[in-house]
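In my numbering, the protein residues as written are 1 to 629.
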């Protein structure tokens, strides 16, 4: 039997299917998701949970004329399968293939690019307002998860939606968790609706009444009447009082895996006007037992065996996240003032062991990076020693808080930036390649990047010994030299290390690029070139004494960094070196967004792998020699 999925090249094809065909299509989509993600990795559990929701969405609405905006976007794989990218789906997250997130340049159905959370309501409101200004008529739908709803930006958007009384549909995909289990008042509020059997019974009675009258064309009138009740009955039938008070008409909770109910609800809501929200309850990982049982692990996963679910094959070294986790726990054991803060990234940043060991000193604030930083500042102001563990790309959202609330006051907050540099298949929304640039210009902030796990331990100890703000960035993946005996010794802040002497040029690398610089020096030595290597360790402050000695000796410093060149580490060295007449050649990421692909592929692409570094040094030395002293 041929697959129904193979007949779907657009939502128009989907609309031609009968309702009886849809469960079979849903199963075929789940099979396609599991098959592809098991080979390429990606966000499996979120997409398994929205299969029926996405089918119903494209059945009820008319994309791309109707604009559908996905929050975060890691739940958009099903959307891609239904909007003309089925044949390319096997290239998901691979170099040159389709993205794991919506991208405007990839398809007209991707009306807004996403990758960070809590943005869909604001973006959809902007699109809807543009529609109204142009006098056009189409629907705008924002799909947002309960995890993203914890972010302050979502509430800012909701506030203006209500104030403007904009014709806008919000689909709240409520699966009870984001990457980590949801926290906060919103999570508890939604949980009441999921678990209240009294409400479910009352809701079914109202739905039955609406269906009965719908035969006579009166269903919407009944629905409107229920919506307008202002007495206690409204609380019974419409428990979404928070949203109602914000000015949104609330519908739900709706079973997110009941295709008939979903489609009927979306079609009814589509015919209404004004701001309205549909609360859809889904199960993350639906249809794949292992993902249902452990949705957290399968939120974003590496390639795996479908039958065995082998997510984490043995690796020779610990990851940087694991090294950080162990080091922090050891330091916290010795210092009861150390507390840990994260923004819905407990598992990803390695804080889960800390949370188990020190539950009263661990704080997950939800998808609210700005709040996380200022919350940590408040803790620091009262004598605690907070570490804010967060992905580099997500700290961008809290730039003002880092500058204004932490650094301006000189508060001793330690920022540990995981997934710094090129993260790989998640692509440009998740690459952490801007942190050197947006951090190093802030007065009083120390910025360091360890080359190994052992160095990370030492730098973390130095950070807690320092009476001021401190940022440490490190990449995804395995860490070298993780073993050390006893409590890690501290580093001297602003002090680099000469790893190799040279006479013709000096490679000055930082963080993840030090290993590649050493390999490049080895390659050049085979050509008879004497090239030195310095591990700068710190982007701020620079070890200017070490740099001057190397610059005077070789006449050429070649900086290497996994960061954009504008305002980065190389720029800092160049600013210092220019008045001294020391020549500097910079290697790093050019003024462009880097696509998705493996870390190895992308480092080759931007020219910071060992071979590219060696070739750049050859050219730089040749240029210097030909130009004369």
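Every residue gets a Cβ at the ideal spot worked out from N, C-alpha and C, and that includes glycine.
Just to check my reading of the structure: residue i and residue j have Cβ atoms closer than 8 Å, yes? What is that Cβ distance to the nearest angstrom?
i           : j           : result
residue 496 : residue 535 : 6 Å
residue 566 : residue 437 : 6 Å
residue 263 : residue 451 : With a Cβ gap of about 55 Å, residue 263 and residue 451 do not count as contacting.
residue 554 : residue 623 : Rounded, the Cβ-Cβ distance is 14 Å, inconsistent with contact.
residue 597 : residue 94  : 7 Å
residue 120 : residue 142 : 4 Å
residue 353 : residue 325 : 5 Å
residue 349 : residue 321 : 6 Å
residue 531 : residue 617 : 6 Å
residue 365 : residue 358 : Not a contact, Cβ separation roughly 16 Å.
residue 340 : residue 331 : 11 Å between Cβ atoms; not a contact.
residue 72  : residue 157 : Incorrect: roughly 14 Å between the Cβ atoms, too far for contact.
residue 8   : residue 86  : 7 Å
residue 125 : residue 279 : Their Cβ separation, rounded to whole angstroms, is 19 Å, which puts residue 125 and residue 279 out of contact at 8 Å.
Taking Cβ positions only, does residue i come closer than 9 Å to chain D?
i           : result
residue 418 : Checking the listed chains, one finds no chain D in this structure; it contains a single protein chain.
Is it buried or exposed, residue i, if we count other Cβ atoms within 10 angstroms and call 16 or more buried?
i           : result
residue 540 : buried
residue 378 : exposed
residue 75  : buried
residue 47  : buried
residue 440 : buried
residue 80  : buried
residue 587 : buried
residue 382 : exposed
residue 360 : exposed
residue 257 : buried
residue 457 : buried
residue 600 : exposed
residue 137 : exposed
residue 134 : exposed
residue 504 : buried
residue 592 : exposed
residue 572 : buried
residue 2   : exposed
residue 241 : exposed
residue 424 : buried
residue 545 : exposed
residue 619 : exposed
residue 308 : exposed
residue 512 : buried
Just how far apart, CA to CA, sit residue i and residue j?
i           : j           : result
residue 372 : residue 387 : 10 Å
residue 575 : residue 455 : 27 Å
residue 123 : residue 285 : 27 Å
residue 84  : residue 102 : 13 Å
residue 246 : residue 547 : 58 Å
residue 265 : residue 19  : 15 Å
residue 342 : residue 4   : 43 Å
residue 111 : residue 166 : 19 Å
residue 397 : residue 17  : 43 Å
residue 537 : residue 302 : 30 Å
residue 64  : residue 44  : 25 Å
residue 254 : residue 413 : 43 Å
residue 402 : residue 480 : 30 Å
residue 411 : residue 300 : 34 Å
residue 199 : residue 252 : Residue placement at residue 199 cannot be trusted, given a pLDDT of 48 that sits under 50; the coordinates are not used to answer.
residue 53  : residue 346 : 28 Å
residue 385 : residue 104 : 42 Å
residue 475 : residue 132 : 45 Å
residue 174 : residue 609 : 43 Å
residue 492 : residue 551 : 22 Å
residue 666 : residue 304 : With the chain represented from 1 up to 629, any question about residue 666 goes unanswered, as that position is not in the structure.
Worksheet item: Curious, which full-length alpha helix (DSSP H) runs of at least 4 residues does the region 442 to 479 contain?
Response: At a cut-off of 4 residues, the continuous stretches assigned as alpha helix (DSSP H) that sit fully inside the region 442 to 479 are 453 to 465.
Worksheet entry | the region 602 to 613 in contact with the region 450 to 464 per 3-pair CB rule at 8 Å | no
Item to complete: Kindly provide the ranges of any beta strand (DSSP E) runs that are 3 or more residues long and lie completely inside the region 293 to 372, ordered along the chain.
Response: Correct list: 338 to 342, 362 to 364.
Worksheet item: Is the region 417 to 424 touching the region 557 to 565, taking contact as three or more C-beta pairs under 8 Å?
Response: Cβ pair count under 8 Å is three or more, so yes.
Worksheet entry | Given 8 Å, three or more beta-carbon pairs between the region 107 to 116 and the region 421 to 438 | yes
Discussion item. I'd like to know if the region 152 to 165 and the region 270 to 284 are in contact, where contact means that at least 3 CB-CB pairs between them fall below 8 Å.
Written reply: yes
Worksheet item: Okay, do the region 81 to 90 and the region 292 to 304 touch, 3+ Cβ pairs below 8 Å being the bar?
Response: no
Practice prompt. Count the C-beta pairs between the region 143 to 158 and the region 463 to 481 that are closer than 8 Å, then say yes if the count reaches three, no if not.
Written response: no
Worksheet item: What beta strand (DSSP E) runs, 3 residues minimum, are completely inside the region 519 to 557?
Response: Fully enclosed beta strand (DSSP E) runs of 3 or longer: 531 to 535, 538 to 540.
Practice prompt. Can you check the region 16 to 101 for any alpha helix (DSSP H) of at least 4 residues that lies completely inside it and give the ranges in chain order?
Written response: Taken in chain order, the complete alpha helix (DSSP H) segments of 4 or more residues contained in the region 16 to 101 are 22 to 40, 44 to 49, 51 to 60, 77 to 82.
Worksheet item: What beta strand (DSSP E) runs, 3 residues minimum, are completely inside the region 137 to 167?
Response: 140 to 145
Practice prompt. Tell me the start and end of each unbroken alpha helix (DSSP H) in the region 568 to 592 that is at least 4 residues and wholly inside, in chain order.
Written response: 569 to 577
Fill in: Whole runs of the alpha helix (DSSP H) within the region 377 to 426, excluding any shorter than 4 residues
392 to 395
Worksheet item: Below 8 Å, can you find three or more Cβ-Cβ pairs linking the region 520 to 535 to the region 467 to 479?
Response: Contact between the region 520 to 535 and the region 467 to 479 is absent, because fewer than three Cβ pairs lie under 8 Å.
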